[in-house]
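Count the sequence shown with mature numbering (1 follows the signal peptide of the UniProt record, and there is no 0) and you get residues -20 to -1, 1 to 529, in order. Note that CB positions come from ideal geometry on N, CA and C, so glycine has one too.
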Amino acid sequence: MLLKNKFWIFIPYLLVFVCSEEVKQKTRKGKFLLPFYVQHRPIENRGLYGCPNKRMRLPSGRVLGGSSITDFLLYSRGNPADFDQWQESGNPGWSYENVLKYFKKSENANLNAADSEYHQAGGPLTVSDVPYRTQSANAFVQAAQEAGYPFLDYNGKNQIGVSYLQTITKNGKRVSAEKAFLRPVRYRNNLKIIKNSRAIKILISPDTKQAYGVQYIRARQYWQASVKKEVIVCAGAFNSPQLLMLSGIGPKRHLENLGISLVQDLPVGKKLYDHVLFPGLNFVLNQSIVPNQEWETGKLDNYIDINDGKGPFTVPIGGLEAVTYLNTKKTLVWNPSQPNIELLLFGGGISGDKNLVYRKLFGISREVYNTIWKPLEGKPVLQILPVLLYPKSSGYLKLKTNNPYHWPKIYSNYLTDPGHYDARTLLEGIREAQRIAKSPALLKYGAQLVGVPIPGCGHHVFDSDEYWLCSLCQLATSLGDYTSTCKMGPDNDPEAVVDSKLKVRGVHNLRVADASVIPGPTSGHITTAGYMIGEKAADLIKKTWKKQS
């Protein structure tokens, strides 16, 4: 929500909102980094041996709208118990009952099978069914039902079951945060958008610990936005902690080692969670029912159809069309309402674009691709992607240097929990995906598991538990749902960076409002939760300043 008679400043890729009345130019010149669409940051990590140089690449949007420009378009809020656990852990006002209204506030639902109590129309963010459905999507949904999963609205009352995906699209086209929220109000008098700029420091008085502005670089010059009320940092789970640490807010020893003056000693970047995905389950079919082959049929007609909001080009990235949520119940005593595995139908498959995008997107080395996927090019292939929703393993990030143009060093630590819960849960997800693939609806199309061993695991018997556990170390990768690097929590939480009002602890007039504040893993995709956090943050901010007016 915009504050009257003030403007907000938007600085992509680092997004900072400033309640301000003036922008002062400084004469000192600095280095300028040309903008580009997606920045890939290597991750140092144990395991993941199938990645090039054993380093994963994580894409992040670097445009107006951030990563909502580059994500998989999935609208998935998470399980109600996720948010109840936020409140129970000491964050009042964040229960599911409290946050549901914020999910609904931004939503403009255009869904056929929606649980109406949990959706509403009229918001800026259009959530739609995919206008076009392939036979592979229909077969997967039917197969999951044959395997015992009910058909449901996974954003409704229950989540364990199967559904076609709800997507953040309108007429088959992507709806980004910029398109939904920013574009309609871009000409308001109290809004100023500054593009091609980079925030490099939050200006904080060392005596009062009060934020009074933001320093940024634009056109090779240093600029300053001065603050009369507060600064809200929305730079994402990697760059919000980076910006805080560059500003003197973070682990004392780490900042001192880099020559950064300490403002507030906080565990910034000490926690990092992500959903872990396994892309190694490939099923070859005996009929052309998958998206990539339908994309190649009648190419000109497909381009005409997409302009009318129909046809196979409306299918989300890579052919993601359906999802099954399940609770394996074997590796952990869990709330039975919460799924711990998500099975995504990836109808096109990694081989579907013939090594153009997906190999790099999933961080797969050329050697592994040539062994597993290149022989599948041109064939009808269906992939089921098991996703670990509640990892026990957590990573962290820290600054590489005190240079704001150097990306932070990210350590994801996937599948490294001492009890091996994460790997065993993903293994159970693999077995359940195989069980669904053996249902009549998919056997009808001859669904057969591709039996080519993943490089590095050929010494294990193919399809044994040992083989799949080895394969997880080779291929498990990120789904891009990064959270918790500026964790929200109560005073007695040693990992907390912000409080339940999103205020940075020990610093005045400074909040963080993005996925970095999420306390821990959820079963939803983070873009959706980010919109909810933004809506709630707006109310928190208005409430604060109404009290003081």
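**Message:** Let me make sure I understand the geometry here. Which of Asp333, Ala413, Ser529, Lys208 has the alpha-carbon closest to that of Gln125?
**Reply:** Your numbering for residue 125 matches position 145 in the sequence shown. Answer by Cα proximity: Ala413.
**Asked** Alpha carbon to alpha carbon, what distance is there between Ile364 and Arg415?
**Response** For the purposes of this step, residue 415 is identified with residue 435 of the sequence shown, where counting begins at 1. For the purposes of this step, residue 364 is identified with residue 384 of the sequence shown, where counting begins at 1. Inter-residue distance for Arg415 and Ile364 is about 11 Å (C-alpha atoms, whole angstroms).
**Ile498 vs Ser464 beta-carbon contact at 8 Å** = Here residue 498 refers to the residue found at position 518 when the sequence shown is read from its first residue. Here residue 464 refers to the residue found at position 484 when the sequence shown is read from its first residue. Taking 8 Å as the Cβ cut-off, Ile498 and Ser464 qualify as a contacting pair.
**Message:** Among Asn315, Thr147, Ala456, Asn90, whose alpha-carbon lies nearest the alpha-carbon of Leu300?
**Reply:** In the sequence shown, the residue the question calls residue 300 occupies position 320. When only C-alpha atoms are compared, the closest one is Thr147.
**Prompt:** For the 8 Å Cβ check, are there 3 or more pairs between the segment 215 to 224 and the segment 482 to 501?
**Reply:** Contact between the segment 215 to 224 and the segment 482 to 501 is present, because at least three Cβ pairs lie under 8 Å.
**Request:** Using DSSP bridges, identify the partner residues of Gln190.
**Result:** Start at 1 with the first residue of the sequence shown, and residue 190 comes out as number 210. The bridge partners DSSP lists for Gln190 are His488.
**Message:** If we require 4 or more residues per run, which alpha helix (DSSP H) segments fall completely within the segment 320 to 359?
**Reply:** Restricting attention to alpha helix (DSSP H) runs no shorter than 4 residues, the segment 320 to 359 encloses them at 338 to 341, 346 to 352, ordered along the chain.
**Item:** Top-ranked residue by Cα proximity to Val43, from Ala215, Ser268, Thr524, Gly375
**Value:** Walking along the sequence shown from the start, residue 43 turns up at place 63. Ranked by how close their Cα comes to the Cα of Val43, the residues Ala215, Ser268, Thr524, Gly375 have Ala215 in first place.
**Request:** Flag this pair as yes or no: are the beta carbons of Gly329 and Val270 separated by less than 8 Å?
**Result:** Numbered from its first residue, the sequence shown carries residue 329 at position 349. Numbered from its first residue, the sequence shown carries residue 270 at position 290. At the C-beta level, Gly329 and Val270 come within 8 Å of one another.
**Prompt:** Among residues of its own chain, excluding the 5 on either side of residue 532, which ones have a beta-carbon nearer than 6 Å to its beta-carbon?
**Reply:** Because the chain here runs from -20 to 529, residue 532 falls outside it and cannot be looked at.
**Prompt:** From this set, Leu105, Lys334, Gln190, which residue's C-alpha is nearest Pro164's C-alpha?
**Reply:** On the sequence shown, position 184 is the one that residue 164 refers to. Closest option to Pro164, Cα to Cα, is Leu105.
**Prompt:** Are there 16 or more other CB atoms within 10 angstroms of the CB of Arg168, so buried, or fewer, so exposed?
**Reply:** By one-based count along the sequence shown, residue 168 stands at place 188. Exposed is the call here.
**Prompt:** By how many angstroms is the C-alpha of Met468 removed from the C-alpha of Gln19?
**Reply:** Looking up residue 19 in the sequence shown gives position 39. Looking up residue 468 in the sequence shown gives position 488. Annotation note: pLDDT 38 at Gln19 (below 50); position unreliable, no value reported.
**Request:** Identify which residue in Ala191, Phe83, Ala205, Ile197 has its Cα closest to the Cα of Lys172.
**Result:** As a first step, residue 172 is located in the sequence shown; it is residue number 192 there, counting from the start. With distances taken between Cα atoms, Lys172 lies closest to Ala205.
**Asked** How many Å lie between Tyr305 and Gly436 at the Cα?
**Response** Residue numbering aside, residue 305 sits at position 325 when the sequence shown is read from its first letter. Residue numbering aside, residue 436 sits at position 456 when the sequence shown is read from its first letter. Across the structure, Tyr305 and Gly436 are spaced so that their CA atoms are roughly 30 Å apart.
**Asked** Straight-line CA distance for Tyr129 to Leu325?
**Response** As a working note, residue 129 is residue 149 in the sequence shown. As a working note, residue 325 is residue 345 in the sequence shown. Each residue's alpha carbon lies about 15 Å from the other.
**Request:** Would you tell me roughly how many angstroms separate the C-alpha atoms of Asn307 and Ile390, rounded to the nearest one?
**Result:** One-based indexing of the sequence shown puts residue 307 at position 327. One-based indexing of the sequence shown puts residue 390 at position 410. Computed Cα separation, rounded: 30 Å.
**Message:** So, at 7 Å on beta carbons, what are the nonlocal neighbours of Leu162 in its own chain, with the 5 sequence-adjacent residues on each side left out?
**Reply:** For the purposes of this step, residue 162 is taken as the residue at position 182 of the sequence shown. If you ignore the 5 residues before and after Leu162, its C-beta comes within less than 7 Å of the C-beta of Leu44, all in its own chain and listed in chain order.
**Message:** Quick check: Lys159 and Tyr98, are their CB atoms within less than 8 Å of each other?
**Reply:** Taking the first residue of the sequence shown as position 1, residue 159 is located at position 179. Taking the first residue of the sequence shown as position 1, residue 98 is located at position 118. With contacts defined by Cβ atoms closer than 8 Å, Lys159 and Tyr98 do not form a contacting pair.
**Asked** Excluding five sequence neighbours on each side, which residues of the same chain lie with their C-beta closer than 8 Å to the C-beta of Ile321?
**Response** Position 341 of the sequence shown, counted from the start, is the residue given in the question as residue 321. These residues qualify, in order along the chain: Tyr305, Leu306, Asn307, Thr308, Pro366, Val367, Leu368, Leu369, Thr405, Leu406, Glu408, Gly409, Glu412.
**Prompt:** Between the Cα of Val142 and the Cα atoms of Ala119, Pro433, Trp203, Ser69, which residue gives the shortest distance?
**Reply:** The count along the sequence shown starts at 1 and reaches residue 142 at position 162. The shortest C-alpha to C-alpha distance from Val142 to any of Ala119, Pro433, Trp203, Ser69 is the one to Ala119.
**At least three beta-carbon pairs within less than 8 Å, the segment 248 to 265 to the segment 373 to 387** = Counting Cβ pairs under 8 Å, three or more are found: they touch.
**Asked** When you compare only the Cα positions, how much space is there between Pro231 and Ile521?
**Response** Here the question's residue 231 lines up with position 251 in the sequence shown. Here the question's residue 521 lines up with position 541 in the sequence shown. In this structure, the straight-line span from the alpha carbon of Pro231 to that of Ile521 is close to 27 Å.
**Asked** Along the chain, where does the alpha helix (DSSP H) that runs through Pro420 open and close?
**Response** Along the sequence shown, one-based indexing puts residue 420 at 440. From DSSP, the alpha helix (DSSP H) with Pro420 extends over 420 to 423.
**Message:** Considering Cα atoms alone, identify which of Leu341, Val432, Ala403 is closest to Thr351.
**Reply:** Indexing the sequence shown from 1 puts residue 351 at position 371. Of Leu341, Val432, Ala403, the residue nearest in Cα terms is Val432.
**Message:** To the nearest angstrom, how far is the alpha carbon of Gly343 from that of Pro72?
**Reply:** Translated into positions along the sequence shown, residue 343 becomes position 363. Translated into positions along the sequence shown, residue 72 becomes position 92. If I take the Cα positions, the gap works out to 39 Å.
**Prompt:** Applying the criterion that 16 or more other CB atoms from any shown protein chain within 10 Å of the CB defines a buried residue, is Tyr253 buried or exposed?
**Reply:** By 1-based counting over the sequence shown, the position of residue 253 is 273. Its Cβ being crowded by 16 or more others within 10 Å, Tyr253 is buried.
**Request:** Measuring alpha carbon to alpha carbon, tell me which of Leu323, Ala123, Gly510, Phe258 ends up nearest Pro420.
**Result:** Residue mapping note: residue 420 aligns to position 440 of the sequence shown, counting from 1. Selected option, being the one with the closest Cα: Ala123.
**Asked** Do three or more CB pairs link the segment 53 to 63 to the segment 498 to 511 at distances below 8 Å?
**Response** The segment 53 to 63, when compared against the segment 498 to 511, does touch it at the 8 Å Cβ threshold.
**Exposed unless 16 or more other CB atoms sit within 10 angstroms - verdict on Pro470** = Within the sequence shown, the letter at position 490 stands for residue 470. It counts as exposed.
**Message:** Would Ile174 and Ser227 be called neighbours here (beta carbons separated by less than 8 Å)?
**Reply:** Against the sequence shown, residue 174 aligns to sequence position 194. Against the sequence shown, residue 227 aligns to sequence position 247. Contact flag unset, no.
**Prompt:** When the distance is taken between beta carbons, is Lys516 closer than 8 Å to Tyr76?
**Reply:** Stepping through the sequence shown from its first residue, residue 76 is reached at position 96. Stepping through the sequence shown from its first residue, residue 516 is reached at position 536. It is not a contact, given that the beta carbons lie outside the stated cut-off.
**Message:** Given this structure, state the Cα-to-Cα distance separating Gln318 from Lys372, to the nearest angstrom.
**Reply:** Start at 1 with the first residue of the sequence shown, and residue 318 comes out as number 338. Start at 1 with the first residue of the sequence shown, and residue 372 comes out as number 392. If you draw a straight line from the Cα of Gln318 to the Cα of Lys372, it comes to about 15 Å.
**Prompt:** Is the distance from the Cβ of Met225 to the Cβ of Ile212 below 8 Å?
**Reply:** Within the sequence shown, residue 225 is the residue found at index 245, counting from 1. Within the sequence shown, residue 212 is the residue found at index 232, counting from 1. At least 8 Å separates the beta-carbon of Met225 from that of Ile212.
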